[in-house]
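Contents: one structure, followed by commentary.
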Amino acid sequence: MSDVRVIIKRDSEEQEERLVTTGTTAAELFDGDRTVVAARVGGQLKDLAYEVADGDEVEPVGIASEDGLNILRHSTAHVMAQAVQELFPEAKLGIGPPIKDGFYYDFDVEKPFHPDDLKRIEKKMQEIVKRGQRFSRRAVSDDAAREELADEPYKLELIGLKGSAAEAAEGASAEVGAGELTIYDNLDPKTGELCWKDLCRGPHLPSTRIVPAFKLMRSAAAYWRGSEKNKQLQRIYGTAWPSRDELKEYLDFLVEAEKRDHRKLGAELDLFSIPEQIGSGLAVFHPKGGIVRRVMEDYSRRRHEEEGYEFVYTPHATKGKLFETSGHLDWYADGMYPPMQLDEGVDYYLKPMNCPMHNLIFDARGRSYRELPLRLFEFGTVYRYEKSGVVHGLTRARGFTQDDAHIYCTKEQMADELDKTLTFVLNLLRDYGLTDFYLELSTKDPEKFVGSDEIWEEATETLRQVAEKQGLPLVPDPGGAAFYGPKISVQAKDAIGRTWQMSTVQLDFNLPERFDLEYTAADGTKQRPVMIHRALFGSIERFFAVLLEHYAGAFPAWLAPVQAVGIPIGDAHVSYLQDFAAEARKKGLRVEVDASADRMQKKIRNAQRSKVPFMVIVGDEDMAAGSVSFRYRDGSQKNGIPRDEAIAEIAKAVEDRVQV
RNA sequence: GCCGCCUUAGCUCAGUUGGCCAGAGCGACGCACUCGUAAUGCGUAGGUCAAGGGUUCGAUUCCCUUAGGCGGCUCCA
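Residues in the first sequence are numbered consecutively from -12, following the numbering used here.
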């Protein structure tokens, strides 16, 4: 028996060389450490059953690491598929990869799963976990695999696609890698009997018993291989975690996210609604939401003015010809509201974008290089015909208002202007309370673009440099650009760590050409300007929703619809408070007095639930002293504050735009 | 657009295995209570059980269609 020399890497620091006998498995190297679920050998993930070879560098993969979690979730997906096929023997397997926080598996079944079915499947999964079946890897030839999986038409299709798995379908590479095919057998730990098998690249947990905590979340249809031309399979989503505590933490997170749902808070706080009578995706703002929105807009307006933007207004509808010129009717007609015929057969459209109209403003007269960069800004309301299944509260609406700007500049000004714009955008977002960003650089889609390669390269490089200058993480998004130019998008993380796509800064090589935009250069020649599209909130409605969720409805005082509520202990204190409120209003503060017949405890409860930043409470003591008492949202209080100081404190919180 | 689930009072939800006047809490309104930090008590009003069609002696309940919502998929200039 010959010896095998391996190097065990615990982390980048610690290395251990060890001599073991031939046939030693990775599991044996890490024996005793139950949190190790796989091994990385020379950069490749392997099952713990892998027999180490001479010269291998072997690294343990912990269940809590990113790879470890993926393996856990992938294996749990297998357990689910096994459970499904035990309960629904006719179910055909699609694909079942790990995803963020969980996994899914697609099945072709006669009848879609009912929520009750998920409970049964979950129970069956628990049995399988308890049985402790071994995951056992076995290499097979393509032909052998075809024979074994003759009853699994979707797996057969994947075998045929081997090697191009990356394009086959998202997640398909989890089933078939680029190399040889493998099948994982689930074996009974005692008898070694085959319980189930699946075509899979692996690796997997050594045993189903290792699955510590999981839950099935929901079922939904999904197109086979992600194309709407294909049949819809039934997808079941689940989540799996290294411990029950982590599962609970995740479920708690979902509960918290649900509490913050802007659709729910919007109704609770009386901010907006989406009346059925108006139509799906078309919102109305109630007075309280109207205040928040107006303050958001006013502040943005002021900052834009300071930054050299000029304000324009354009109509909501236009003759179709404009969108022929812009090309929107060629590219995006599906996403536009259908035309209305006016004036004997002329088609008018609701506008889905503001840029063509801004171009007409640019083109209204001859432009000089002295005017550039020309920055046109508008809160421009646009209408897009979103498909019925995608409309979602304020974040995906059919009518919404963009804080839209188009910057026309010379090619020489482009880099500087982009830099300025991005800095401005990020700082303004920070003013609204978002602080955690990363940037995404969307580059050319080789299938879908206009303009020369040179100009794309130059522009992309400029964007990259500008983005890097911000010192924020920069994530590439190859092929993600619109056909007319590359873009940077700003992604912001909210208070509970969710990422939202916010602003975009986008170059456009298409529209200046189509609209034949020109300016006169210093040498008297006509030149084409560069055009930058830039939306900061994206849509005001959407940004409103993001802030609402970010703050969980508890807006900082400057945005809060009501900044302070006066709560009298008894009727005798109402007029004193009304006086106080009137004084505060003179300073531009939004202060109300709750003079209802409720008891003061009830008023406090109501104020608390409406998430007012300041409660101003007054009884005999404060009235006699000419003071008021504050109660803050966290329940803490500050008593006996002189009236002037109280107003000054509220005013300062508003002025500084801080959370209280 | 596709698939599934859902729609009972302003809101949150009971309920009817097809049968007399469809219930509760909160909210609204009224009366009483005048109170120092998260719900005072009593009372009143409020529903074509989403809309339309069908089956049936009888439909809120079963079936179909439509609208809207929710969760996914596809899409998102």
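Every residue, glycine too, gets a C-beta built ideally from N, C-alpha and C.
Query: Going by the CB atoms, is the gap between TYR370 and LEU316 shorter than 9 Å?; Result: no
Query: Using three-state DSSP, classify GLY386 as helix, strand or coil.; Result: strand
Query: Tell me the residue span of the alpha helix (DSSP H) that contains ARG572.; Result: 561 to 573
Query: Quick check on SER476: does DSSP put it in helix, strand or coil?; Result: strand
Query: Mind checking which residues open and close the beta strand (DSSP E) that includes GLN221?; Result: 219 to 228
Query: Label SER267 either buried or exposed according to how many other C-beta atoms from any shown protein chain fall within 10 Å of its C-beta, with 16 as the threshold for buried.; Result: exposed
Query: First and last residue of the alpha helix (DSSP H) that includes PRO199?; Result: Run containing PRO199: none; DSSP gives neither H nor E here.
Query: If you draw a straight line from the alpha carbon of ALA351 to that of PHE617, how long is it in whole angstroms?; Result: 56 Å
Query: Quick one, are the C-beta atoms of TRP487 and GLN478 less than 9 Å apart?; Result: yes
Query: Any contact between the segment 459 to 467 and the segment 386 to 405? By contact I mean 3 or more CB pairs, one from each, below 8 Å.; Result: no
Query: So, does the segment 166 to 179 touch the segment 113 to 131, judging by three or more C-beta pairs under 8 Å?; Result: yes
Query: So, under 8 Å CB-CB, TRP211 and TYR141 are touching, yes? Tell me the CB distance rounded to an integer number of Å.; Result: 7 Å
Query: Measuring only the C-alpha atoms, how far is PRO629 from MET602?; Result: 15 Å
Query: With the cut-off set at 9 Å, would you say PHE496 and ALA454 are in Cβ contact?; Result: no
Query: Starting from LYS33, trace the beta strand (DSSP E) both ways and give me its first and last residue.; Result: 31 to 33
Query: Please state if the CB of ALA13 and the CB of ALA36 are separated by a distance shorter than 9 Å.; Result: yes
Query: Using 8 Å as the cut-off, can you tell me whether the segment 222 to 238 makes contact with the segment 80 to 94, which would need three or more C-beta pairs spanning the two stretches below that distance?; Result: yes
Query: Can you tell me the Cα-Cα spacing of ALA392 and ARG362, whole angstroms?; Result: 7 Å
Query: Is DSSP giving VAL647 helix, strand or coil here?; Result: coil
Query: Look up VAL(-9) in the DSSP assignment and say whether it is helix, strand or coil.; Result: strand
Query: Among all the DSSP beta bridges, which residues are the ones paired with ARG124?; Result: TYR171
Query: At the level of alpha carbons, what is the spacing between PRO190 and PHE201?; Result: 19 Å
Query: Which of the three DSSP states is assigned to GLU636 in this structure?; Result: helix
Query: For PHE502 and THR312, what's the separation of their Cα atoms in angstroms?; Result: 7 Å
Query: Below 8 Å, can you find three or more Cβ-Cβ pairs linking the segment 569 to 582 to the segment 519 to 529?; Result: no
Query: Helix, strand or coil, according to DSSP, for ALA208 in the structure here?; Result: strand
Query: Skipping 5 residues on each side, what residues in its chain have a beta carbon closer than 7 Å to that of ASP390?; Result: SER287, PHE366, ALA522, LEU523, PHE524 and ILE527
Query: Helix, strand or coil for LYS216, going by three-state DSSP, please let me know.; Result: coil
Query: Under 8 Å: do the segment 278 to 285 and the segment 538 to 554 share three or more Cβ pairs, one atom per stretch?; Result: yes
Query: Look at the alpha carbon of TYR471 and the alpha carbon of ALA68, and state the distance between them as a whole number of angstroms.; Result: 44 Å
Query: Would you mind stating whether GLY557 and GLY622 have Cβ atoms separated by less than 9 Å?; Result: no
Query: To the nearest angstrom, how far is it from the Cα of GLN2 to the Cα of VAL45?; Result: 10 Å
Query: Measuring CB atoms only, is the segment 23 to 35 touching the segment 75 to 85, in the sense that at least three cross pairs come out at less than 8 Å?; Result: no
Query: Bridge partners for TYR92 per DSSP, in chain order?; Result: ILE223
Query: Give me the Cβ distance between VAL299 and HIS345, rounded to the nearest whole Å; I'm assuming they're in contact under 8 Å.; Result: 7 Å
Query: In the DSSP assignment, what are the bridge partners of HIS393?; Result: LEU363 and HIS520
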